[in-house]
Amino acid sequence: MERWSGTEIGPAHLRHVGVSDRDAAPHHHHPGGDLDVLHLTPSSKPPWIATDAALPMTLLDACAHVDYCWPRTLTYGPRGTKLAPSSRALRAIAPISRLLSHPSRHHTRAFTTHATAPHAAITMAWRCSGASNAALVDNLWRHGLISDPAVKSAFERVDRAHYAPVSPYDDSPQAIGHAATISAPHMHASAVQHVLPFLLPSARSPAPRALDVGSGSGYLTHVMAELVGERGLAVGLEHIPELRDLGEVNIRKSEGGQMLLEDGRVRFRVGDGRLGLVEEARRGEEDGGTGWDVIHVGASAKEVHPQLLDQLKSPGCIFIPVDDDEDGYSQHIWRIEKDAAGNITKECLFGVRYVPLTDPPGRH
0 MERWSGTEIG PAHLRHVGVS DRDAAPHHHH PGGDLDVLHL TPSSKPPWIA TDAALPMTLL
60 DACAHVDYCW PRTLTYGPRG TKLAPSSRAL RAIAPISRLL SHPSRHHTRA FTTHATAPHA
120 AITMAWRCSG ASNAALVDNL WRHGLISDPA VKSAFERVDR AHYAPVSPYD DSPQAIGHAA
180 TISAPHMHAS AVQHVLPFLL PSARSPAPRA LDVGSGSGYL THVMAELVGE RGLAVGLEHI
240 PELRDLGEVN IRKSEGGQML LEDGRVRFRV GDGRLGLVEE ARRGEEDGGT GWDVIHVGAS
300 AKEVHPQLLD QLKSPGCIFI PVDDDEDGYS QHIWRIEKDA AGNITKECLF GVRYVPLTDP
360 PGRH
């Protein structure tokens, strides 16, 4: 299926996408047509795995679908046609012109799959980068990844440059240290849109409470704090103290974020996200209890932990990536809703690739 267009794929191009020539087998020029499958076969563990950065963003940005796991890769043909798993291989579907010309060199741990994602996420997810925060948000809006004006306004008020260390307005995930990433903006937008009815103040819940498990940089925690209203509460939960501190440092970079901290609308805590969090109510909001209207989980779970379901209000909503198998080769986002009577409904939304929920370093 390998058909190449326009130019030979050589070591220089492999270095451009993050694979050194010693890590990849040579490729040959095949004239005519677009690239259906790019097959890189490293002779040793790829450098992006060794540095815990996962998969080169340039490849993913050019791809309709990639599903990568070391040492096994599940490969897909055009329009999600499944091919055979291969050992020590990476295959991607891409127009060759985009693969060779795209400037991004960032890395990713989470991305939307071709076969099960909403149409907007399939076709537009990697086209939302902008030259400024306003341009990024506008692109997310134009491509339908943000569809509610309140969400658009919240994203506009939270400058991603305060949270992403490099190229903050690229629609791509980035490493933030401690084997953690800040997810791509389109993933954050999708998460907020899917839980929005439970995140905004309402007659049912005038003071919404939102828990961001695996809050990392603090970006999404800040966005949720903008949406829960003056009486609401957003809490970022991290199992690594340094990341908990990073979230608070980052939110203090803006006047609006500083005010949210001082008003008590946002907090950052250290704890095991798999166990959820029992957090006291804001002063004057004790009648609302300590449950959560929204729980967002920013790392993959082996299962939907019962503590999260127990802490979810009735009604309430969880947005969580869950492994489909023991090896974690396949993951899907699940939207879990609890109604006023306590009944649980689960909806599988789309495939993703997230880092796992884990113990902090040194803990066994």
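Under numbering that gives the first Met the number 0, the first residue of the sequence shown carries the number 0, and numbering increases by one thereafter. Glycine included, C-beta positions come from ideal geometry on N, C-alpha and C.
Please report how far the alpha carbon of D137 lies from the alpha carbon of K151, in whole angstroms.
Distance between the alpha carbons of D137 and K151: 8 Å.
Give me the Cα-Cα distance between A280 and R264, rounded to the nearest whole angstrom.
Computed Cα separation, rounded: 10 Å.
For S313, collect the residues of the same chain with a Cβ closer than 6 Å to its Cβ; drop the 5 residues on either side in sequence, then sort them by chain order.
Excluding residues within five positions, the ones whose Cβ falls inside 6 Å are K337, A339, G341.
If I measure Cβ to Cβ from C347 and keep anything under 7 Å in the same chain, skipping five residues before and after, which residues do I get?
Cβ neighbours of C347 beyond the five flanking positions: H331, W333.
Note down, in chain order, each residue of its chain lying with its Cβ closer than 7 Å to the Cβ of P205, except the 5 sequence neighbours on either side.
These residues qualify, in order along the chain: R230.
Whole angstroms is fine: what's the gap from I95's alpha carbon to D147's?
Bear in mind that the predicted position of I95 carries a pLDDT of just 26, short of 50, making it unreliable; the figure below should be weighed with that in mind. For I95 and D147, the distance between alpha carbons rounds to 35 Å.
Thinking just about the alpha-carbon of each residue, which of D322, E302, G275, A300 is nearest to the one in D309?
When only C-alpha atoms are compared, the closest one is G275.
In terms of residues, what are the limits of the beta strand (DSSP E) holding G350?
It spans 343-351 - the beta strand (DSSP E) in which G350 sits, taken as one unbroken run.
For H331, which three-state DSSP category applies?
Strand, per DSSP.
Can you name, in chain order, every residue of its own chain whose Cβ lies under 8 Å from the Cβ of V296, other than the five neighbours on each side?
Same-chain partners within the cutoff: V212, G213, G272, L307, I317, F318, I319, P320, L356.
Which of the three DSSP states, helix, strand or coil, is assigned to H323?
Correcting the residue identity first, residue 323 is Asp in this sequence and not His. Correct three-state label for D323: coil.
Could you tell me the distance, in whole angstroms, from the CA atom of E302 to the CA atom of G176?
Straight-line Cα distance between these residues: approximately 25 Å.
Let me know the secondary structure DSSP gives H238 once reduced to three states.
The answer is coil: DSSP assigns H238 none of H, G, I, E or B.
Could you spell out where the beta strand (DSSP E) holding H295 opens and where it closes?
Where H295 is concerned, the enclosing beta strand (DSSP E) stretches over 291-296.
Just the C-alpha distance for D292 and T220, rounded to the nearest angstrom, thanks.
So the alpha carbons of these two residues sit roughly 14 Å apart.
How big is the Cα-Cα spacing for H142 and F267?
If I take the Cα positions, the gap works out to 32 Å.
Applying the 10 Å Cβ sphere with the 16-neighbour rule, what's the burial state of I250?
So I250 counts as buried.
Go through the stretch 162-238 residue by residue and report every complete run of the alpha helix (DSSP H) that reaches 4 residues or more, in order.
The qualifying runs are 184-198, 218-226.
Does the distance from the CB of A134 to the CB of Y162 come in under 8 Å?
Not a contact, by the Cβ cut-off of 8 Å.
What did DSSP end up calling E336 once you bin it into helix, strand or coil?
If DSSP states are grouped into helix, strand and coil, E336 belongs with the strands.
May I ask you to report which of helix, strand or coil DSSP gives G129?
Of the three classes helix, strand and coil, the one that applies to G129 here is coil, per DSSP.
Could you give the uninterrupted runs of the beta strand (DSSP E) lying entirely in the stretch 262-314, keeping only those of 3 residues or more?
Correct list: 265-269, 291-296.
Measure the C-alpha to C-alpha separation of S171 and P184 and round it to an integer number of angstroms.
Whole-angstrom Cα-Cα distance: 7 Å.
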